[in-house]
Amino acid sequence: MIELTQKKIFDELGDDSQTARQLINGNATGILNLNSVKYQWAPKLYKIMVNNFWIPEKISLVDDKVTIKELTKDEMEAFKNTLSFLIALDSMQVSNLPNLGDYITAPEVGGLFTIQAFQELIHSQSYQYLLQELFPNVEREEIYNYWRNNALLLKRNKFIAGQYQKFIDDKSIVNFKTALAANFALESIYFYNGFQFFYQLAARNKVANVAKMIKYIENDEVIHVNMFANIIREIFDINNEGDRRILLDNITEAAEQEIEWGKEIYGDRILGISQESTEGYVKYLANQRTKL
Numbered sequence: 001m002i003e004l005t006q007k008k009i010f011d012e013l014g015d016d017s018q019t020a021r022q023l024i025n026g027n028a029t030g031i032l033n034l035n036s037v038k039y040q041w042a043p044k045l046y047k048i049m050v051n052n053f054w055i056p057e058k059i060s061l062v063d064d065k066v067t068i069k070e071l072t073k074d075e076m077e078a079f080k081n082t083l084s085f086l087i088a089l090d091s092m093q094v095s096n097l098p099n100l101g102d103y104i105t106a107p108e109v110g111g112l113f114t115i116q117a118f119q120e121l122i123h124s125q126s127y128q129y130l131l132q133e134l135f136p137n138v139e140r141e142e143i144y145n146y147w148r149n150n151a152l153l154l155k156r157n158k159f160i161a162g163q164y165q166k167f168i169d170d171k172s173i174v175n176f177k178t179a180l181a182a183n184f185a186l187e188s189i190y191f192y193n194g195f196q197f198f199y200q201l202a203a204r205n206k207v208a209n210v211a212k213m214i215k216y217i218e219n220d221e222v223i224h225v226n227m228f229a230n231i232i233r234e235i236f237d238i239n240n241e242g243d244r245r246i247l248l249d250n251i252t253e254a255a256e257q258e259i260e261w262g263k264e265i266y267g268d269r270i271l272g273i274s275q276e277s278t279e280g281y282v283k284y285l286a287n288q289r290t291k292l
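See below:
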């Protein structure tokens, strides 16, 4: 079985040439020679990610302080649950991305992990800004802690965190691939029902600037999906049953959980969203994500 080795800070015997460069288990010097690039998709994504830079405080929520009062009871509860889940997802990403990046030995790709972790931190700051501007302090703390009392939310958090924890506990290549697949499933499936919920509210002139901020976040997440799709193409052998099963199992589990979540949180209670549309949309996403 292939062993996974952590990249070194500096290796005087390393080789940074394109022919020697590898995504994992490479013999890099540790010097960021970004003029010699093997994975041509990486600098393209880097430029997009950097150009996507934004900060949440530039988006005024003055109008949203008024329109949030127009939310129905079901819409408000869904708003809080969705925020709580998005907060959890990005928190996990901030913590876990460095664990994966430590084993990426091609510097042009390793740099993407640093940029993504920064973007996930911006997303976390965005949710903090939304809570600060739109909710009193006692409700902010309640939303951060929804997972403590919502069994379905806890289940989802534990699943994705558990997939990441496997690699932290045992740095095997199988666990590394599992963490990559879980990351891909999170970025490409878990977020999107929540995004659609905010867009539905904005379509009816409710919390429209929240939806604007969510759109900025989605723009980042779409690039993260592209990033991990490229990494998976390089590291996985899709013709290998074991690799294919790791990927499909994570996508399938994520899709099933997302459907369950959407039906529970939105159901048929939100104008523009139904249980049927939730299931159809998630299945569509899952089918698209398997087309690597």
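Just so we're aligned, residue 1 is where the sequence shown starts under the working numbering, counting upward by one.
A virtual CB, placed ideally from N, CA and C, is assigned to each residue, including glycine.
- Contact between Tyr266 and Ile259 is ruled out by a C-beta separation of about 11 Å, above the 8 Å threshold.
- If you check the CB distance, Ile223 and Met49 come in under 8 Å.
- Following the DSSP letters along the chain, one finds Gln196 inside the alpha helix (DSSP H) bounded by residues Tyr192 to Ala203.
- Within the model, the alpha-carbon separation for Ile143 versus Arg156 is close to 16 Å.
- Excluding sequence positions up to five before and after Val207, its CB lies within less than 6 Å of the CB of Asp64, Thr67, Ile68 and Leu201, all in the same chain and listed in chain order.
- In the three-state DSSP reduction, Glu75 falls in the helix class (H, G or I).
- Measuring C-alpha to C-alpha distances from Leu4 to each of Glu12, Asn27 and Asp74 identifies Asn27 as the nearest.
- Of the candidates Phe184, Ile270 and Lys212, Phe184 places its Cα closest to the Cα of Glu253.
- The DSSP assignment places complete alpha helix (DSSP H) segments of no fewer than 4 residues inside the region 70-128 at 73-101, in order along the chain.
- Short of 6 Å from the beta carbon of Thr29, and not among the five residues preceding or following it, lie these beta carbons of its own chain, in chain order: Asp11, Gly14 and Asp16.
- For Ser17, the three-state secondary structure derived from DSSP is coil.
- The region 71-90 and the region 120-127 touch, with three or more beta-carbon pairs separated by less than 8 Å.
- Within its own chain, the residues whose Cβ lies closer than 7 Å to the Cβ of Ala88, once the five positions on either side in sequence are excluded, are Trp147 and Asn157, listed in chain order.
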